[in-house]
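Structure, as structure tokens:
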Amino acid sequence: VLVMHDMLGVALGRRPRFVKDFLGEGGSIRGAIRAYIDAVRDGSFPDAEHSYQS
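In the working numbering, the protein residues as written are 4 to 57.
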């Protein structure tokens with residue numbers, strides 16, 4: 004489960020492995036949400052870097 008605070012990179016403390024900071028890439032909250040939606044739709048998120056492999 005990815006929560007908004009994790010996705011935007013504003014959560015305090017250590018960031019879990021599966022979290023990608025979309026706000027840092029998007030520049031605005033709206034841009035971050037759009038980047039997240041686009042990444043999920045095109046299959047580029049989650050990738051191996053942001054997943055737990057079994």
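A virtual CB, placed ideally from N, CA and C, is assigned to each residue, including glycine.
Item	Value
According to the Cβ coordinates, are Asp41 and Val22 closer than 8 angstroms?	no
Can you tell me where the alpha helix (DSSP H) holding Leu5 begins and where it ends?	Per DSSP, Leu5 belongs to no alpha helix (DSSP H) and is neither H nor E.
Find out if the Cβ-Cβ distance for the pair Leu5, Leu26 is shorter than 8 angstroms.	no
Let me know the secondary structure DSSP gives Gly16 once reduced to three states.	coil
Would you check if the distance between the CB atom of Arg18 and the CB atom of His53 is smaller than 8 angstroms?	no
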